[in-house]
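Quick note, in my numbering, the sequence shown goes up one by one and the last residue is 208.
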Amino acid sequence: MASVLQCAVASFPQVYLGLPLSPYKIHSAAFAPLIDKCSSYLAGCVQSYSPKKHIITNDACPRCNQAPETKEHFFFQCQSSQAVWTQPGLPSPSSSDVPWTSNPPDAAVCALLWPAMVFTVLWKIWDSRNSVVFRHIFLPPIVIIRNILEDFTLWSHRLRNADSKIAATIWRDYLSSRLTIHVT
């Protein structure tokens with residue numbers, strides 16, 4: 025693939041995030057390196073880069089300012105993050121190993137794309153952190169959930185397997201119905 029794209033293999037996401045390129049190959053074990061990379065990045069920003077750039081001046085979570093910004097707190101324990109997990113009916117994880125080892129929230133929801141859904145939730149929680157830190161815009165949980173739905177819908181159009189497309193439609197409908205319930 026590197027020769028086709030005419031770029032170095034080291035520039036591929038799986039190299040620096042430890043993840044596979046293809047969404048078809050995302051397995052539950054693939055999320056641990058992502059969480060660890062994010063944790064390392066958080067620590068690096070807090071300790072060196074951010075104070076110098078006047079972005080943040082302490083290690084407090086930028087969304088709640090109630091606890092140090094650790095991977096467990098930021099992705100799973102922060103009230104904002106917990107709302108992102110629970111409002112659409114997803115299992116509320118308590119640590120970094122729970123989401124991908126648990127089952128999808130509802131028997132009606134297809135388990136086929138559950139790891140991709142977890143990855144999308146983690147990505148949008150991270151994106152909301154960057155919104156606060158770099159743009160000074162706080163995104164409420166309902167907006168983050170809408171962003172999850174939009175990203176997942178956009179990504180699902182890239183699927184080639186018929187079963188995966190059906191699973192993506194089921195997930196999209198499930199999240200849309202949960203948004204309707206919580207918005208009104």
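Where a beta carbon is used, it is the ideal one built from N, C-alpha and C, also for glycine.
{"Asked": "What is the rounded straight-line gap between the Cα of Asp83 and the Cα of Cys102?", "Found": "14 angstroms"}
{"Asked": "May I have the straight-line CA-CA distance separating Ser74 from Asp151, to the nearest angstrom?", "Found": "Residue placement at Ser74 is poorly supported in this model, since its pLDDT is 48, which falls under 50; the coordinates still yield a value, given next. Looking at the two C-alpha atoms, the distance is approximately 17 angstroms."}
{"Asked": "At the level of alpha carbons, what is the spacing between Tyr198 and Leu183?", "Found": "18 angstroms"}
{"Asked": "Just grab the DSSP bridge partners of Ala84 for me.", "Found": "Pro92"}
{"Asked": "Pick out whichever of Val167, Pro86, Ile149, Pro92 has its Cα sitting closest to the Cα of Ser200.", "Found": "Val167"}
{"Asked": "What are the boundary residues of the alpha helix (DSSP H) that includes Phe143?", "Found": "138-159"}
{"Asked": "When the Cα atoms are used, what is the spatial distance from Thr193 to Leu178?", "Found": "11 angstroms"}
{"Asked": "Taking a contact to mean a Cβ-Cβ separation below 8 angstroms, would you say Phe176 touches Leu146 in this structure?", "Found": "no"}
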